Amino acid sequence: MNPETDFKNVNRRSFLRLSACAAVGTSSMFSTLFNLRQLNAATAAATSGPDGDDYKAIVCIFLYGGNDANNLLVPTDLANYNVYAAGREQLSIPQAELLALNSLNTDGRSFGIHPSMTGCHELFNSGDLALVSNVGTLLAPATLADYRNRTAAIPDHLFSHSDQQVLWQTSVNENASVDPTGWGGRIADLIHSSHNDSSISMLVSLAGSNFFQVGHSLLPFRTDANGSSTYDILNGWDQHATTRAEGFRSLLDKEYANRMEKAFADISNSAIKNADTFNDAIAASSDFEMLPNSSLGNQLRMVAKLIQSRQALGQRRQIFFVATGGFDTHGPQLGQHAGLLGGLDESIKGFHEALTSIEAQDCVTSFTASDFGRTFDTNGRGSDHGWGSHHIVMGGAVNGQRIYGDFPDLAFGNSLDTGRGRWLPTTSVDQYGATIARWFGIPESELPTVFPNIGNFATSNLGFMGN
Amino acid sequence: MAAKNKITVTIAAVAILGVGVYLGSHFGGSSPNDEYANSGPGKRAASPEEVAAIRSIPKPKASASSAPAASSEEPAPINALARLNLPDSEPIADVLILEHLLSEVHSLFQELPTGEHDEIVAFLQGANPRQIEYISANDPNLNEDGKIVDRWGTPFFFHTLSRHRIEVRSAGPDQLHWSDDDLVTESLETQNI
């Protein structure tokens, strides 16, 4: 038995030694966090403009269900298009309908995007949008042999909706020793106090609960497209309603000896105050009528309002989460998927116009994420769960008009085909996220805090973000 | 006096425990297994015959440890698909039989295999940490590609919602998956997909 770990037998000397070790360990951890926050504060001060507005925001657009990006980005040169058409069979899009991308890539390849995505096509060709190929959940680089023989670390529960949604949003594998927080939340933990002066979280979700925005110390402020909810009891116009509201507020303002009662009153007061602050801040914001009246369009409209209201909210860094579903296209896919991509496109284009109208397009970066890609082959009517997928990054700070990452060879049985055209990803979620996080202000040295697996990959910067 | 007090306290504790157990059993909240309960929107209750068919499936006899059991005796085949596709049962019973089999797997392994049909069948044929063979390689319900087929000869679709939940689908008489006559018991309304 080790006397130092058996607390019944611990003596004064070993207690002091253990305490000293714990103190040193704890102080170094807090020191790192403190130094980082100091660094961030200094950086923020140095980069502030005359009005102190060095604002930046990132917007995660989550496509629930697993988007079939095999039809989002399609090769258009004849040889590769023929491989595509042969592999996709009835899911293939006629070559003439694809919208040709005027890419700055110099590899000689040509690509088009889905015919429903006219807005994204325009944004790509004008340099405000980029595509990142074959991104997916990875713990370390892996080959097909690694996948089959498990000779490299492979994420758990591939091809499963919930598990892959969580992994995309947390970048933490189930059995890892890291706390299961989201990478958006971990970014906020590092940056919130040095950039924001607000009681409202810099993490705002327009799409309910999610893992992406769960941090150690910060949680998302959840709202909806209509603004923050308030207590019904505080609303009303007649004398009774006013009296009722005053009574309710006086109850919350009382001093309670009981801890539970005090906690309830504190949380309720805080919620009322935050809701009032939130709703007051956006009261004078624009209507952004260029955004469609759809679920995603309305979520992004509220995001635009919050960005416009950033100074009233006291926030110079914000992370938003919006989402839309229906991408689990096992059934008749072609028409359904065209509608889904068309809706996404309309919202992205409208959001870009909204940001441009308030001159915020250069300080906001939006990116897509999804459970997984889909099988390149068809099940006869649609496609099934896959792995690697192509994604969209949009914003004025994006080095647009380019396709990043490695576009997979589309022939079945290639070196990335884990079966049925489920592409083994060649770019990890960590690399994708780290490229955005660095632009957002996370220094290189702290990227492993946010992306625990980033050290396993050759680069943490895919190059699609400018300054 | 002290002994009397101790007896009184003991009786009171037992009484409180009893009341707690009664209330818990009658008014308790949902359990983790509720997601397998056959109720809610879009679902139908199994008939007594279907329930009897499902209950007739033998439970796996696994060793206590997670390591494969070292035994000189060949374990009796489980034959989990014995009552699948019987002409005298309702077609939906086939879906329920497979769902029951998966719930048995989950209760033993605490999670389900994820992936394509072939990967799930491989797991059920013994490629699992305990090498339990739920179905044999020559089961008559497997087609020539080794897939479990419904009574119309179409492979079932295993829709992996999470490591705890797989939706089992039969393509139904039209043999087309994701069409109106599909046989399915799960409701996907609560899923973010």
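Chains as they are written, first to last, in my numbering: chain A, 1 to 467; chain B, 1 to 193. Ideal placement from N, C-alpha and C gives every residue a C-beta, glycine not left out. Please read these numbers as outputs of a predicted model, since none were measured by experiment.
Which residue wins for smallest C-alpha separation from residue i, given the options the options?
| i | options | result |
| --- | --- | --- |
| residue 77(A) | 106(A), 416(A), 110(A) | 110(A) |
| residue 224(A) | 299(A), 190(A), 279(A), 270(A) | 299(A) |
| residue 135(B) | 50(B), 52(B), 78(B), 47(B) | 78(B) |
| residue 199(B) | 110(B), 49(B), 116(B), 106(B) | An answer regarding residue 199(B) cannot be provided, because it is not within the stretch 1 to 193 covered by chain B. |
| residue 187(A) | 443(A), 280(A), 119(A), 312(A) | 443(A) |
| residue 88(B) | 106(B), 47(B), 127(B) | 47(B) |
| residue 216(A) | 245(A), 273(A), 332(A), 182(A) | 182(A) |
| residue 122(A) | 463(A), 103(A), 286(A), 384(A) | 103(A) |
| residue 363(A) | 441(A), 372(A), 421(A) | 441(A) |
| residue 463(A) | 105(A), 97(A), 60(A) | 105(A) |
| residue 177(B) | 426(A), 397(A), 330(A) | 330(A) |
| residue 85(A) | 234(A), 411(A), 336(A) | 411(A) |
| residue 270(A) | 221(A), 282(A), 92(A) | 221(A) |
| residue 98(B) | 152(B), 141(B), 126(B) | 141(B) |
| residue 165(A) | 368(A), 397(A), 457(A), 396(A) | 368(A) |
| residue 336(A) | 87(A), 283(A), 62(A), 91(A) | 91(A) |
| residue 87(A) | 437(A), 461(A), 419(A) | 419(A) |
| residue 67(A) | 341(A), 456(A), 393(A) | 341(A) |
| residue 531(A) | 62(A), 59(A), 61(A), 71(A) | With chain A covering only 1 through 467, there is no way to say anything about residue 531(A). |
Classify residue i: buried if its beta carbon has 16 or more other beta carbons within 10 angstroms, exposed otherwise.
| i | result |
| --- | --- |
| residue 137(B) | exposed |
| residue 465(A) | buried |
| residue 459(A) | exposed |
| residue 113(B) | buried |
| residue 401(A) | buried |
| residue 165(B) | buried |
| residue 28(B) | Because residue 28(B) carries a pLDDT of 41, less than 50, the predicted location of this residue cannot be relied on, and no value is offered for it. |
| residue 261(A) | exposed |
| residue 417(A) | buried |
| residue 267(A) | exposed |
| residue 374(A) | buried |
| residue 143(A) | exposed |
| residue 180(B) | exposed |
| residue 192(B) | buried |
| residue 240(A) | exposed |
| residue 186(B) | buried |
| residue 73(A) | buried |
| residue 209(A) | exposed |
| residue 435(A) | buried |
| residue 376(A) | buried |
| residue 121(B) | buried |
| residue 228(A) | buried |
| residue 413(A) | exposed |
| residue 214(A) | buried |
| residue 446(A) | buried |
For residue i, which residues in chain D fall below 7 Å Cβ to Cβ?
| i | result |
| --- | --- |
| residue 162(B) | Checking the listed chains, one finds no chain D in this structure; the protein chains it contains are A and B. |
Which chain B residues are close to residue i, counting only those with a beta carbon under 8 Å from its beta carbon?
| i | result |
| --- | --- |
| residue 382(A) | 178 |
| residue 330(A) | 157, 159, 177, 178 |
Return yes when at least one heavy atom of the ligand ZN lies under 7 Å from the C-beta of residue i, else no.
| i | result |
| --- | --- |
| residue 192(A) | The ligand ZN is not part of this structure, which contains no ligands at all. |
Which residues in chain A have a C-beta closer than 9 Å to the C-beta of residue i? List them in chain order.
| i | result |
| --- | --- |
| residue 90(B) | Simply none; closest approach about 24 Å. |
| residue 191(B) | 64, 65, 161, 162, 325, 328 |
Could you work out which residues of chain A lie near residue i, taking near to mean beta carbons separated by less than 7 Å?
| i | result |
| --- | --- |
| residue 128(B) | Ordered by position in chain A, no residue passes the 7 Å Cβ test against residue 128(B), which lies about 15 Å from the chain. |
What residues from chain B crowd round residue i, counting only those whose CB sits closer than 7 Å?
| i | result |
| --- | --- |
| residue 419(A) | 116 |
| residue 379(A) | 177 |
| residue 157(A) | 114, 163 |
| residue 337(A) | Those within 7 Å of residue 337(A) in chain B number zero; the least Cβ separation is about 13 Å. |
| residue 385(A) | 160 |
Using a Cβ cut-off of 9 Å, pull out every chain B residue sitting near residue i, in sequence order please.
| i | result |
| --- | --- |
| residue 391(A) | Simply none; closest approach about 18 Å. |
Subject >> the stretch 250 to 257 of chain A touching the stretch 293 to 309 of chain A, judged by at least three CB pairs closer than 8 Å >> reply: no
Subject >> Three CB pairs or more closer than 8 Å across the stretch 320 to 329 of chain A and the stretch 70 to 84 of chain A >> reply: no
**OP:** Mind the definition here: the stretch 341 to 353 of chain A touches the stretch 381 to 388 of chain A only if three or more C-beta pairs lie below 8 Å; say whether that holds.
**Re:** no
**OP:** Pair every Cβ in the stretch 400 to 420 of chain A with every Cβ in the stretch 131 to 139 of chain A, then say whether three or more of these pairs are closer than 8 Å.
**Re:** yes
**OP:** Note down, one range per segment and in chain order, each beta strand (DSSP E) of at least 3 residues found wholly within the stretch 306 to 391 of chain A.
**Re:** 317 to 324, 364 to 370
Original post:
Below 8 Å, can you find three or more Cβ-Cβ pairs linking the stretch 285 to 296 of chain A to the stretch 173 to 180 of chain A?
Top reply: no
**OP:** Pick out the complete alpha helix (DSSP H) segments inside the stretch 83 to 127 of chain B, 4 residues or longer, and give them in chain order.
**Re:** 91 to 109, 117 to 124
**OP:** Could you tell me which uninterrupted alpha helix (DSSP H) segments, each at least 4 residues in length, are contained entirely in the stretch 178 to 266 of chain A, listed from first to last along the chain?
**Re:** 183 to 195, 239 to 253
Subject >> At least 3 beta-carbon pairs within less than 8 Å: the stretch 441 to 457 of chain A vs the stretch 154 to 164 of chain A >> reply: no
Original post:
Can we say the stretch 272 to 280 of chain A touches the stretch 198 to 207 of chain A, given the rule of at least three CB pairs closer than 8 Å?
Top reply: yes
**OP:** Pick out the complete alpha helix (DSSP H) segments inside the stretch 407 to 457 of chain A, 4 residues or longer, and give them in chain order.
**Re:** 429 to 440, 447 to 450
Original post:
Which ranges does the alpha helix (DSSP H) cover as unbroken runs of at least 4 residues, wholly within the stretch 53 to 79 of chain A, from first to last along the chain?
Top reply: none
Subject >> Within the stretch 69 to 130 of chain A, ranges of the alpha helix (DSSP H) (whole runs, at least 4 residues) >> reply: 78 to 88, 118 to 125
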